[in-house]
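Report on one structure; see the data block that follows.
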Amino acid sequence: MTLSKLLRKRRNVYGFESRAIPDKSLVRILEDARHVPSAGFTQDFEFIVVKDPMIRRELATAGHQPEYTSEGLAISDFISRAPVIVVPCGNKKRFEAKYGRAEQNARLPWWLIDAGFASFALILSAFEHGLVASFLGALDDEKVRQILNLPIDGSIVPLALVPIGYKDPGEEVLWTQRSRKAVRDRRGLADLVHWNGW
Numbered sequence: 200m201t202l203s204k205l206l207r208k209r210r211n212v213y214g215f216e217s218r219a220i221p222d223k224s225l226v227r228i229l230e231d232a233r234h235v236p237s238a239g240f241t242q243d244f245e246f247i248v249v250k251d252p253m254i255r256r257e258l259a260t261a262g263h264q265p266e267y268t269s270e271g272l273a274i275s276d277f278i279s280r281a282p283v284i285v286v287p288c289g290n291k292k293r294f295e296a297k298y299g300r301a302e303q304n305a306r307l308p309w310w311l312i313d314a315g316f317a318s319f320a321l322i323l324s325a326f327e328h329g330l331v332a333s334f335l336g337a338l339d340d341e342k343v344r345q346i347l348n349l350p351i352d353g354s355i356v357p358l359a360l361v362p363i364g365y366k367d368p369g370e371e372v373l374w375t376q377r378s379r380k381a382v383r384d385r386r387g388l389a390d391l392v393h394w395n396g397w
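Mapping to our numbering: the sequence shown position 100 is 299, numbers consecutive.
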């Protein structure tokens with residue numbers, strides 16, 4: 200599938216089947232995602248791959264799963280049902296090893312921007328391999344840190360939950376109903392492209 204087709208096919212998915220992803224596919228997706236650019240080639244991002252059902256349920260709570268389902272935005276337990284949740288994280292220490300103290304030397308939190316690049320690559324690769332994924336950035340960061348036993352010094356920063364799996368067929372029905380209620384047109388180029396200045 201071409202990049203243009205992937206970009207048009209991709210959307211956040213709010214319902215997953217619980218069936219397992221072949222390890223070979225998961226490794227390919229992770230391998231694709233590690234090839235994204237990073238600030239000064241610091242490779243300042245990490246992937247925490249969660250397959251354990253109990254940890255997935257805990258992460259789903261930290262990712263506000265109940266709110267998605269109570270508002271009719273998702274199929275029940277859509278985060279915890281995904282067979283894999285990848286938690287892309289920024290690694291401040293890797294950035295600082297090259298550029299010094301982040302707060303003094305970084306105009307932007309590059310470790311999070313780079314983790315964002317990696318997240319998008321994960322999602323595109325999942326779709327390319329016949330799977331689906333979502334980017335869920337509304338997190339209770341402190342809960343995620345505790346659940347995943349992240350360093351207390353704050354050097355590893357969780358960016359999002361990226362559940363990956365096979366789409367639940369019922370999700371398409373839910374998506375169609377949601378789309379009818381609130382049709383959102385994508386902004387056209389004339390609305391968002393500014394030539395030679397603002």
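A virtual CB, placed ideally from N, CA and C, is assigned to each residue, including glycine.
Bounds of the alpha helix (DSSP H) holding F326 are 309 to 327.
The beta carbons of F334 and I322 sit closer together than 8 Å. Annotation: the continuous beta strand (DSSP E) that includes I355 extends over 355 to 357.
Here the C-alpha atom of R293 lies approximately 19 Å from the C-alpha atom of L229. Non-local beta-carbon contacts of R255 in its own chain, meaning distances under 6 Å to residues more than five positions away in sequence, involve V249, S279, I284 in chain order. With a threshold of 16 other beta carbon atoms within 10 Å, W310 meets it and is buried. When secondary structure is reduced to three states using DSSP, K366 falls in the strand class. Your pair P287 and F244 checks out as a contact, with CB atoms roughly 6 Å apart and the cut at 8 Å.
Around the CB of V343, 16 or more other CB atoms lie within 10 Å, so the residue is classed as buried. For A219 and H328, the gap between their C-alpha atoms comes out near 14 Å. DSSP, reduced to helix, strand and coil, places L202 within a helical segment of the structure shown. For F294, the enclosing alpha helix (DSSP H) starts and ends at 291 to 298. In the DSSP assignment, I247 falls outside any alpha helix (DSSP H) and within the unbroken beta strand (DSSP E) covering 244 to 249. Here DSSP, grouped into helix, strand and coil, assigns F334 to coil. In this structure F319 does not touch K208 by the C-beta definition: roughly 14 Å separates them, more than the 8 Å allowed. Residue pairing of V283 in beta bridges, as defined by DSSP: I363. For T260, the enclosing alpha helix (DSSP H) covers residues 252 to 261. P368 and R210 have their alpha carbons spaced roughly 15 Å apart. Cα atoms of G262 and L391: separation of roughly 30 Å, rounded to the nearest angstrom. Distance from the CA atom of D313 to the CA atom of V235, rounded to whole angstroms, is 8 Å.
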